[in-house]
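Data block below; observations after.
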Amino acid sequence: MDTAMTQRKVVTIDGPAGAGKSTVARQLAHRLGWSFLDTGAMYRVVTLVALEAEADLENDHVLVEITDTIQPRFVDGHVFVGDRDVSAEIREPRVTRAARYAAGNPGVRERLVHWQRAAAEFHDLVTEGRDQGTIVFPDALVKFFLEASDEERAMRRFRELIAKGHDIEYEEILADQRRRDQEDRTRAIAPMLPAEDARFIDSTGKSLEEVLDEMTRVIHPLLTSITGE
Ligand code: C5P
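In the numbering used here, the protein residues as written are 29 to 257.
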C-alpha cells in the first residue's frame, strides 16, 4: 500500500468502546476543520443489514456479499443506507453485540479498510476505531490511544442508553463491555492495539474540553512544522 502518495493529513484515535472516541474525534475534526470518520459505524451498518436480512452471521461469504451490495453514506454524523437514515438503529444493543462477526471477518475488513483509506484521499481526516493507527493509517501524522476506566466507560454507555429509553442494567453493560474488550484485544485479525508510536490519553475524570486541549497541544506544533499553518 502506498499511503504516503495519496494520503492527506490524518489523526487516528483508537481505543476501547466507550472511551469517548466518537465525541472527541468529531469535535477535534471540527476544531481542525477536517473531516471525521467513525469506522465502528461501518462495521455496525454491515451488521444491521445482515441482522435485518436474517443472514447467517457466521458465514463469512454472506457478510462479504452484503458489504459489497450496500453503499452506505456518512453525512454529518448520520449514516444512510439508500435513503434510509439508520444512525439510531446501528447503535442498538443487538447490533453492538453482533458486530463482532463483521469485525472478525477478513473479507469485510478488507473492504472497510478500503473505504476508510478512500476517505483520506481528498480530505484531511480525524478517524476513530480500533486499528486506525496500526493497520489503516500507519503513516498518520498523530496517533492517539484513548482510554478510560472500565467503570466510567460503562457508566457513560448506561446513561446514553437510559436516555434513549432502553431498559438495561449497569452491571449488564459492564459485563458486556468487558467481553467486547476481550474480543477486540484477542481477535485474530486487526486486534485492538495501540500503535508503537501512539500517545496514550486517559479520559477518566476529564472533560471533553480537557481531552481536546491535550490533543491539540500535540497536533498544533506538528502542523506548524509541516505546513507552517
Ligand atoms: O466503536 P464501535 O463500538 O462503534 O465499534 C463497533 C464494532 O466494530 C466493535 O465490535 C468493534 O470491535 C468493531 N470495530 C473494529 N474496527 C474498527 C472499528 C470498530 O473492529 N476500526
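The C-beta atom is built at its ideal place from N, Cα and C for all residues, glycine as well.
Values in this document were obtained by computation on a predicted structure and should not be read as measured data.
query: Is the closest heavy atom of the ligand NAP to the C-beta of Gln160 under 7 Å?
result: Because the ligand NAP does not appear in the structure shown, any question about it cannot be addressed here, the ligands present being the ligand C5P.
message: Out of Ala223, Pro100, Glu82 and Ala78, which one is the CA nearest neighbour of Ile94?
response: Counted from its first residue, the sequence shown places residue 94 at position 66. For the set Ala223, Pro100, Glu82 and Ala78, the Cα lying nearest the Cα of Ile94 is the one of Ala78.
task: Express the C-alpha separation of Phe165 and Glu149 in angstroms, rounding to a whole number.
output: By 1-based counting over the sequence shown, the position of residue 149 is 121. By 1-based counting over the sequence shown, the position of residue 165 is 137. Those two C-alpha atoms are separated by around 12 Å.
query: Who are the Cβ neighbours of Thr255 in its own chain at under 7 Å, not counting the five residues just before and after it?
result: Translated into positions along the sequence shown, residue 255 becomes position 227. Hits under 7 Å: none found.
- request: Would you tell me roughly how many angstroms separate the C-alpha atoms of Ala168 and Met183, rounded to the nearest one?
  value: Against the sequence shown, residue 168 aligns to sequence position 140. Against the sequence shown, residue 183 aligns to sequence position 155. Roughly 31 Å between the two C-alpha positions.
- request: Entirely within the segment 114–199 and at least 3 residues each: give me those beta strand (DSSP E) ranges in chain order.
  value: Fully enclosed beta strand (DSSP E) runs of no fewer than 3 residues occupy 153–157 and 170–175 of the segment 114–199, in order along the chain.
query: In angstroms, rounded to a whole number, what distance separates the CA positions of Gln205 and Thr244?
result: By one-based count along the sequence shown, residue 205 stands at place 177. By one-based count along the sequence shown, residue 244 stands at place 216. Rounded to the nearest angstrom, the two C-alpha atoms are 29 Å apart.
message: Considering only heavy atoms of the ligand C5P, does any lie closer than 7 Å to the CB of Tyr198?
response: Walking along the sequence shown from the start, residue 198 turns up at place 170. Incorrect: Tyr198 has no Cβ contact closer than 7 Å to the ligand C5P.
- prompt: Which residue's Cα is closest to the Cα of Val114: Thr75, Thr214, Ala131 and Leu65?
  reply: The residue labelled residue 114 in the question sits at position 86 within the sequence shown. Ranking the options by Cα distance to Val114, first place goes to Thr75.
- request: For Val103, count neighbouring Cβ atoms within 10 angstroms of its own Cβ and tell me buried if that reaches 16, exposed if not.
  value: In the sequence shown, the residue the question calls residue 103 occupies position 75. So Val103 ends up on the exposed side.
- prompt: Below 8 Å, can you find three or more Cβ-Cβ pairs linking the segment 139–155 to the segment 80–90?
  reply: Contact between the segment 139–155 and the segment 80–90 is absent: fewer than three C-beta pairs spanning the two stretches fall below 8 Å.
query: If you compare alpha carbons, which of Ala191, Arg36, Thr252 and Gly43 is closest to Ile229?
result: Here residue 229 corresponds to residue number 201 of the sequence shown, with the count starting at 1. That would be Gly43, whose Cα lies nearest to the Cα of Ile229.
Between the CA atoms of Val52 and Phe64 - distance to the nearest angstrom: In the sequence shown, residue 64 corresponds to position 36, counting from 1. In the sequence shown, residue 52 corresponds to position 24, counting from 1. Their Cα atoms are separated by approximately 10 Å.
field: Reduced DSSP secondary structure (H/G/I, E/B, other) of Ile247
entry: In the sequence shown, residue 247 corresponds to position 219, counting from 1. In the structure shown, Ile247 sits in a helix (DSSP, three-state: H, G or I).
query: To the nearest angstrom, how far is it from the Cα of Gly46 to the Cα of Leu202?
result: Position 18 of the sequence shown, counting from 1, holds the residue named residue 46. Position 174 of the sequence shown, counting from 1, holds the residue named residue 202. Cα-Cα distance, rounded: 11 Å.
- request: Identify, in the order they occur along the chain, each residue of the same chain with its Cβ nearer than 6 Å to the Cβ of Ala176, setting aside the five sequence neighbours on each side.
  value: Working through the sequence shown from its first residue, we reach residue 176 at position 148. Taken in chain order, the residues that qualify are Ala47, Ser231 and Thr232.
message: Given this structure, state the Cα-to-Cα distance separating Lys37 from Leu221, to the nearest angstrom.
response: Walking along the sequence shown from the start, residue 37 turns up at place 9. Walking along the sequence shown from the start, residue 221 turns up at place 193. Just so you know, the alpha carbons of Lys37 and Leu221 end up roughly 21 Å apart.
message: Tell me whether Tyr71, by its Cβ, gets closer than 7 Å to a heavy atom of the ligand C5P.
response: Within the sequence shown, residue 71 is the residue found at index 43, counting from 1. Within the cutoff, so yes.
Span separating the alpha-carbon of Asp209 from that of Lys171: Working through the sequence shown from its first residue, we reach residue 209 at position 181. Working through the sequence shown from its first residue, we reach residue 171 at position 143. Asp209 and Lys171 have their C-alpha atoms spaced approximately 20 Å apart.
field: Ile118 versus Glu156 - alpha carbon distance
entry: Here residue 118 refers to the residue found at position 90 of the sequence shown. Here residue 156 refers to the residue found at position 128 of the sequence shown. Roughly 16 Å separates the two Cα atoms.
- request: State yes or no: is the C-beta of Tyr129 within less than 8 Å of the C-beta of Leu189?
  value: Taking the first residue of the sequence shown as 1, we reach residue 129 at position 101. Taking the first residue of the sequence shown as 1, we reach residue 189 at position 161. Cβ distance not < 8 Å, so Tyr129 and Leu189 don't count as in contact.
Cut-off 7 Å between Cβ atoms - residues of its own chain near Glu242, not counting five sequence neighbours on either side: As a position in the sequence shown, residue 242 is number 214, starting the count at 1. Once the five neighbours on either side are set aside, the close Cβ partners of Glu242 are Ile229.
- request: Could you tell me the distance, in whole angstroms, from the CA atom of Gln99 to the CA atom of Lys49?
  value: Taking the sequence shown and counting its residues from 1, the one referred to as residue 99 is at position 71. Taking the sequence shown and counting its residues from 1, the one referred to as residue 49 is at position 21. CA-CA distance, Gln99 to Lys49, rounds to 24 Å.
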